[in-house]
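Report on the following structure.
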Amino acid sequence: MFMEGPRDQITLYDTLFDIVRHREEFAEVENRRNTISFHAFQEIKGHMVIGYDPDTRNVSIPWQQGNPDGYEKIVKIPKIVFNARLDKSPGLLDSLNEVAIKENKLFQLLDKQTKERIDGKRPTLLIGDDAFTFWIEAKELRHEHLPSVIINTRYFHDLGDHRHCEFVYDSQNRREAKISAEMETMPKHYLLVRLPNQTVLDPVGDTQFYPRKLSTAFTTRFPYKERVNAEIVPWTAQKIVEVVLRNRRMELRENAFGLKHKGRKI
Numbered sequence: 058m059f060m061e062g063p064r065d066q067i068t069l070y071d072t073l074f075d076i077v078r079h080r081e082e083f084a085e086v087e088n089r090r091n092t093i094s095f096h097a098f099q100e101i102k103g104h105m106v107i108g109y110d111p112d113t114r115n116v117s118i119p120w121q122q123g124n125p126d127g128y129e130k131i132v133k134i135p136k137i138v139f140n141a142r143l144d145k146s147p148g149l150l151d152s153l154n155e156v157a158i159k160e161n162k163l164f165q166l167l168d169k170q171t172k173e174r175i176d177g178k179r180p181t182l183l184i185g186d187d188a189f190t191f192w193i194e195a196k197e198l199r200h201e202h203l204p205s206v207i208i209n210t211r212y213f214h215d216l217g218d219h220r221h222c223e224f225v226y227d228s229q230n231r232r233e234a235k236i237s238a239e240m241e242t243m244p245k246h247y248l249l250v251r252l253p254n255q256t257v258l259d260p261v262g263d264t265q266f267y268p269r270k271l272s273t274a275f276t277t278r279f280p281y282k283e284r285v286n287a288e289i290v291p292w293t294a295q296k297i298v299e300v301v302l303r304n305r306r307m308e309l310r311e312n313a314f315g316l317k318h319k320g321r322k323i
């Protein structure tokens, strides 16, 4: 009987597969009957290419002239993935993933950090000297060492690039802060923090909140990182005005929906 050690795992668009090399197939982790033969791929310019429908899990020969129905995702995987074990070569695995993200090849090989996230470990966001764990289902940042310090993500402002958001952080009291038009300069402990939005910060957790998705589904658009450093944005007169207007719009929206924040002790 053939005995195989730990398998490499790969995500095709948003579905996790085991790479079963001795059978020359990908086997979906949560539906073992769904397999994709290595021979279903077409070799194009050093890559193994396939058309993959994430809704039906069907595969096809990739379209040569675009994608007319919009459902099929064209996945391009380097040939080395089909031939060599990668779990003992983290440097190679990371470089393949970096290129896949950069060139939108719609696959990701599971690294150690991503496997730990699937098993329940959560990403950490670093704001200066403070470390927060991101709880996507509660939409909260929870301080790793001070359990009472919690920041709700509803105070985060989406920057419109589908990747980043901002909020004002009071580093002295470890809480979100609001600023007013009367403040010509910012206190030193008021930091304008730019951080990844929830899809970028936790792509694994983000996809798991869609009912149709399986528990091992996650996006290949953004690489998962266990620890992320938030960016501290310098205050300028223009930025102060921008944040004040942003806060005003948020207050109007909260009042309209009866969500007026009453304050919280931290």
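Heads up, the sequence shown is in our numbering, so the first residue is 58 and it goes up one at a time.
C-beta: ideal position from N, C-alpha, C; glycine also.
Which residues DSSP lists as bridging Asn209, in chain order
Glu197
- Query: Looking only at its own chain, which residues have a Cβ that is under 7 Å from the Cβ of Ala84, when we skip the five neighbours before and after it?
  - Reply: Phe74, Asp75, Val77, Thr92
inquiry  = Between Lys162, Val86, Leu153, Arg306, which has its C-alpha nearest Ile236's C-alpha?
reply    = Arg306
Is DSSP giving Gln265 helix, strand or coil here? coil
**Study point:** Gln165, DSSP secondary structure in three states
**Key:** strand
Return the chain-ordered list of same chain residues with a C-beta closer than 8 Å to the C-beta of Glu283, the five sequence neighbours on each side being excluded. Gln170, Glu173, Arg174, Lys178, Pro180, Thr181
- Please classify Asp259: does DSSP put it in a helix, a strand, or coil? coil
**Q.** Span separating the alpha-carbon of Phe279 from that of Gln295
**A.** 31 Å
field: Neighbour-count burial assignment, Gln165, 16 or more Cβ in a 10 Å radius
entry: buried
Worksheet item: How big is the Cα-Cα spacing for Thr190 and Gln99?
Response: 42 Å
| task | Determine the burial state of Gly262: buried for a count of at least 16 other Cβ atoms within 10 Å of its Cβ, exposed for fewer. | result | buried
State buried or exposed for Lys133, treating a residue as buried only when at least 16 other CB atoms are found within 10 Å of its CB.
-> buried
Leaving out five residues on either side along the sequence, give the residues of the same chain with a beta carbon under 7 Å from the beta carbon of Thr273. Leu73, Val86, Glu87, Ile175
Could you pull out every unbroken beta strand (DSSP E) segment of at least 3 residues lying fully inside the region 229 to 259, listed in chain order?
247 to 253
Backbone secondary structure at Val301 - three-state DSSP = helix
- prompt: What do you get for Asn312, buried or exposed, if any count of 16 or more other CB atoms within 10 angstroms of its CB means buried?
  reply: exposed
For Leu153, which residues of its own chain have a beta-carbon under 8 Å away from its beta-carbon, when the five flanking residues on both sides are left out? Pro135, Ile137, Val138, Leu143, Leu166
- Kindly list the residues whose CB is nearer than 7 Å to the CB of Val301, restricted to its own chain and excluding five residues on each side of it in sequence; keep chain order. Ile236, Ser237, Ala238
Practice item. Kindly examine the ligand COA and report whether one of its heavy atoms sits closer than 6 Å to the Cβ of Asp110. Key: As for the ligand COA, it is missing from this structure, which has no ligand bound.
Checklist line | Glu129 to Tyr109 span [Cα, whole Å] | finding: 5 Å
Option nearest Asn140 by Cα separation, candidates Arg64, Asn304, Gly148: Arg64
Residue ranges of each beta strand (DSSP E) run of no fewer than 3 residues wholly in the region 69 to 139, ordered along the chain? 72 to 77, 82 to 85, 92 to 94, 99 to 101, 104 to 109, 130 to 135
State the start and end residues of the unbroken alpha helix (DSSP H) segment that holds Leu150.
147 to 159
query = Rounded to a whole number of angstroms, what is the C-alpha to C-alpha distance between Ile193 and Arg211?
reply = 12 Å
Exercise for the section: Could you name the residues that DSSP lists as bridge partners for Asn286? Expected result: Leu183
To the nearest angstrom, report how far apart Glu160 and Thr277 are at their CA atoms.
-> 11 Å
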